[in-house]
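Structure first, then comments.
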Amino acid sequence: MTYNSNPNPTPPRGAYRRLRSFHGAEIIYDFTVEFCRLYIDRTYGTNRTHDQMVQAARSGKQNIADLSSVALAKGEGSKAASQWATTEIKLVNVARASLEELLLDYEDFLRQQGLPKWDKDDPRARALRDLARLPNKSYKTYSSYLSSPEPAANCMITLINQTNFLLDQQIKAIRGQFDERGISPESHQNRAARLLAENRKNQAEFDAYLQQFLKKKP
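The working numbering applies: residue 52 is where the sequence shown begins, and numbers increase by one.
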């Protein structure tokens, strides 16, 4: 399945609501809250799995929403742009990791309940994927799948995979945008290595100066 719309990696305030990834994450959150109420509490009789799934869904949605505040804080110059890109990629990665965790929870649920995970070529899975093409889709578009646990969990597996695909496209768009300008987001590892090298250089220059100074003393 192909997604052609621009993921818009630098949204101004409130523009995250127009991102397809945010739409998907918002539906996933609303659906997961209801899924946990209907099936997790009834099946496990504990709030731990419930809380874990809802928190993962919320984290996926919230980190996409936080992209707007990052865009507003973006400064001028290559250094500021690099720092902004690094922060935005981190937010998208956290959102994706949260949804990946939720995906595993839904797969675990199916396995533990002896329910099948639909193959990608299953007509029911294809019908689910086709819903992504609908304009103005919302929680109500998918709510009928909550009628029983098997279609509900498979619905979320499909939608999470689609949303994570969109997040992958956002990361590519961010990197591509800065590659075109000759700016690369600086990773934490690269930044630490750079600061260490600068510190060693400064220390070496100071040591050399101190030796010269001591030699000149009478």
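All residues carry an ideal CB built from backbone N, CA and C; glycine is no exception.
Since we're looking at a predicted model, the values are computed, not measured.
Query raised in the report: Excluding sequence positions up to five away, which residues of its chain have a Cβ less than 7 Å from the Cβ of Thr-209?
Result: Only residues of its own chain outside the window of five on either side were considered, and among them Ala-176, Leu-179 and Arg-180 have a CB closer than 7 Å to the CB of Thr-209, listed in chain order.
Query raised in the report: Considering only the beta carbon of each residue, do Ala-204 and Leu-155 sit closer than 9 Å?
Result: 9 Å or more divides the Cβ of Ala-204 from the Cβ of Leu-155.
Requested in this report: Can you tell me the Cβ-Cβ gap for Val-84 and Ser-110, rounded? I've got them flagged as a contact below 8 Å.
Outcome: Wrong, their Cβ atoms sit about 14 Å apart, outside the cutoff.
Report task. Tell me whether Lys-112 sits in a helix, a strand or coil according to DSSP, three-state version. Result -> For Lys-112, the three-state secondary structure derived from DSSP is helix.
Requested in this report: Would you decide whether Lys-191 is buried or exposed? Buried here means 16 or more other CB atoms lie within 10 Å of its CB.
Outcome: Counting every other CB atom within 10 Å of its CB across the protein chains shown gives Lys-191 a total below 16, marking it as exposed.
**Report entry** Candidates Asn-212, Arg-71 and Leu-153, of which the one nearest Gln-103 by Cα
**Finding:** Each of Asn-212, Arg-71 and Leu-153 was checked against the Cα of Gln-103, and the nearest Cα belongs to Leu-153.
Query raised in the report: What's the C-alpha gap between Phe-160 and Val-105?
Result: Cα-Cα distance, rounded: 14 Å.
Query raised in the report: For Lys-191, does the three-state DSSP call read helix, strand or coil?
Result: Lys-191: helix per DSSP, three-state reduction.
Requested in this report: Counting only runs of 4+ residues fully inside the region 134-199, write out the alpha helix (DSSP H) ranges in chain order.
Outcome: Along the length of the region 134-199, whole alpha helix (DSSP H) runs at least 4 residues long occupy 174-181 and 190-193, reported in chain order.
Report task. Identify whether Leu-210 lies in helix, strand or coil by the three-state DSSP scheme. Result -> Taken through DSSP and simplified to helix, strand or coil, Leu-210 comes out as helix.
**Report entry** Expected contact under 8 Å - CB spacing of Tyr-67 and Phe-73 to nearest Å
**Finding:** Yes, Tyr-67 and Phe-73 are in contact; Cβ-Cβ is about 5 Å, under 8 Å.
Query - Terminal residues of the alpha helix (DSSP H) in which Arg-88 lies - result: For Arg-88, there is no enclosing alpha helix (DSSP H), as DSSP marks it with neither H nor E.
Report task. Identify, in the order they occur along the chain, each residue of the same chain with its Cβ nearer than 8 Å to the Cβ of Asp-170, setting aside the five sequence neighbours on each side. Result -> Counting only residues of its own chain and dropping the five nearest sequence neighbours on each side, Asp-170 has a CB closer than 8 Å to the CB of Ala-176.
Query raised in the report: Between the C-alpha atoms of Ile-140 and Thr-214, what's the straight-line distance to the nearest angstrom?
Result: Between the C-alpha atoms of Ile-140 and Thr-214 there is a straight-line separation of about 16 Å.
Query - Residues of its chain near Ala-108, where Cβ-Cβ distance is below 7 Å and the 5 sequence neighbours each way are ignored - result: The answer, listed in chain order, is Ile-79, Tyr-80, Thr-83 and Leu-153.
Query raised in the report: Going straight from the alpha carbon of Leu-182 to that of Arg-99, what length do you get?
Result: Spanning the alpha carbons of Leu-182 and Arg-99 requires a straight line of approximately 31 Å.
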